[in-house]
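First comes the structure, then the notes that go with it.
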């Protein structure tokens, strides 16, 4: 089929496109290559997909409604994977308007185009950040998530609610995936693994928040991509058992809508994660022990039982193997001599 992927120069989007192309799908990749982080890394990712005959690049901004409509009119994608977003919890404290523009206005343009052009399935990126102040572990899609702690989280939760409305009002099949701390080769420079690796290799201290008392459900990129494509191939249906008396946030009785956690389902302590990285690098980390940052949470843990039951999703990559793969890529990509 023909799939429109937004965020084609991004970490997850680029990997998803490679998998789609490998199985024979046509891919239209939308990205405006913003300078939020190193543009040269984004361009290098794009060079991985450009040689494929089934790939068409659309370098445009999805906050431009006219451009999005023209793109849909020209290519008529069967399905859409919306991974474009302004990411990052901490940056949302400094520049909240960029999150509203991208994660609300841009997503609205995608939803509207899916409605107008009859897209068969929209899969979109949500985030574990939506759980916010929730402390019941593991995080379940069936529990309320109404207390986000950052504008980034609020924008992602808003996207889920917008998608529900388009399922209910217009019958647009929408599936949201709440990503849990994705890492691996070609990852984002603003994420902990990238920052830690760069600092350790350069002999600089790393910032360790909440004095290291953090746990994260680190999920390897290949496992994430497999889950995204499994979900893409099966649009959601109306939940005939849904009840307004006991409303289930993960599904709908009034439209084709679903929300799933996508993570490894096995959190690891931050200090243990750093130890794995130290072992792979063969160097010890110098650490700045710092308090918790505003908008952050001390623990994430995905209940992935729904995704496993519905789609057979079972992530298999250990943290040791995943961190090792990232370190190998980093050393090669940046020409670092061990």
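Residue numbers (this note's numbering): 17 to 354.
By construction, the Cβ of each residue, glycine as well, lies at the ideal position given by its N, Cα and C atoms.
Below 8 Å CB to CB, which residues in the same chain sit around residue i once its five sequence neighbours on both sides are set aside?
i, result
"residue 32", "21, 97, 99, 241, 244, 245"
"residue 37", "43, 65, 68, 70, 71"
"residue 238", "31, 200, 333"
"residue 119", "101, 102, 168, 171, 172, 174, 175"
"residue 316", "144, 147, 155, 196, 197, 231, 232, 233, 279, 283"
"residue 157", "194, 265, 266, 275, 276, 277, 319, 322"
"residue 324", "330"
"residue 80", "125"
"residue 218", "none"
"residue 314", "226, 229, 230, 231, 308"
Is the Cβ of residue i closer than 9 Å to any Cβ of chain D?
i, result
"residue 130", "No chain D appears in this structure, which consists of one protein chain only."
Please look up how many angstroms separate the CB atoms of residue i and residue j, rounded, as I've assumed it's under 8 Å.
i, j, result
"residue 180", "residue 268", "6 Å"
"residue 234", "residue 284", "6 Å"
"residue 196", "residue 277", "7 Å"
"residue 272", "residue 252", "5 Å"
"residue 87", "residue 139", "Wrong, their Cβ atoms sit about 17 Å apart, outside the cutoff."
"residue 131", "residue 52", "With 8 Å as the limit, residue 131 and residue 52 do not qualify as a contact, their Cβ atoms being about 29 Å apart."
"residue 25", "residue 47", "4 Å"
"residue 236", "residue 331", "7 Å"
"residue 161", "residue 265", "7 Å"
"residue 339", "residue 346", "Contact flag wrong, Cβ pair sits at about 10 Å."
"residue 275", "residue 142", "7 Å"
"residue 247", "residue 320", "The Cβ separation is near 12 Å, so there is no contact."
"residue 335", "residue 292", "6 Å"
"residue 73", "residue 62", "7 Å"
"residue 75", "residue 133", "With a Cβ gap of about 21 Å, residue 75 and residue 133 do not count as contacting."
"residue 184", "residue 259", "Rounded, the Cβ-Cβ distance is 15 Å, inconsistent with contact."
"residue 342", "residue 209", "6 Å"
Sort out for me which residues DSSP pairs residue i with in a bridge.
i, result
"residue 297", "Residue 297 pairs with nothing; no bridge assigned."
"residue 98", "22, 140"
"residue 304", "223"
"residue 42", "18"
"residue 146", "Residue 146 pairs with nothing; no bridge assigned."
"residue 113", "None, per the DSSP bridge assignment."
"residue 204", "Bridge partners of residue 204: none, in fact."
"residue 131", "Answer is none; residue 131 lacks a bridge partner."
"residue 352", "Note: residue 352 sits in no beta bridge, so no partner."
"residue 315", "231"
"residue 273", "190"
"residue 198", "235"
"residue 404", "The question about residue 404 has no answer, for the chain in this structure spans 17 to 354."
"residue 267", "274"
What residue range does the beta strand (DSSP E) around residue i cover?
i, result
"residue 280", "Looking at the DSSP string, residue 280 is not in any beta strand (DSSP E), and its letter there is neither H nor E."
"residue 223", "222-224"
"residue 165", "Counting along the chain, residue 165 falls outside any beta strand (DSSP E), and DSSP gives it neither H nor E."
"residue 254", "Looking at the DSSP string, residue 254 is not in any beta strand (DSSP E), and its letter there is neither H nor E."
"residue 241", "Where residue 241 is concerned, there is no enclosing beta strand (DSSP E), although the alpha helix (DSSP H) it sits in stretches over 237-248."
"residue 73", "71-74"
"residue 193", "190-195"
Spatial neighbours of residue i within its chain, please: CB distance less than 6 Å, with the 5 preceding and 5 following residues excluded, ordered by chain position.
i, result
"residue 304", "221, 223"
"residue 94", "17, 18, 136"
"residue 216", "297, 299, 301"
"residue 204", "27"
"residue 41", "17, 19"
"residue 163", "148, 149"
"residue 261", "none"
Got a sec, what are the start and stop residues for the alpha helix (DSSP H) residue i sits in?
i, result
"residue 83", "81-91"
"residue 63", "55-65"
"residue 346", "335-349"
"residue 103", "Premise fails: residue 103 is in no alpha helix (DSSP H) and is neither H nor E."
"residue 321", "321-327"
Beta-carbon within less than 7 Å of residue i's beta-carbon, same chain only, minus the 5 sequence neighbours each way: which residues are those?
i, result
"residue 78", "22, 46, 84, 100, 122, 125, 126"
"residue 55", "49"
"residue 115", "102, 108, 167, 168, 171"
"residue 287", "228"
"residue 129", "84, 85, 88"
"residue 306", "223, 224, 225"
"residue 117", "79"
"residue 35", "241, 245"
"residue 294", "300, 301"
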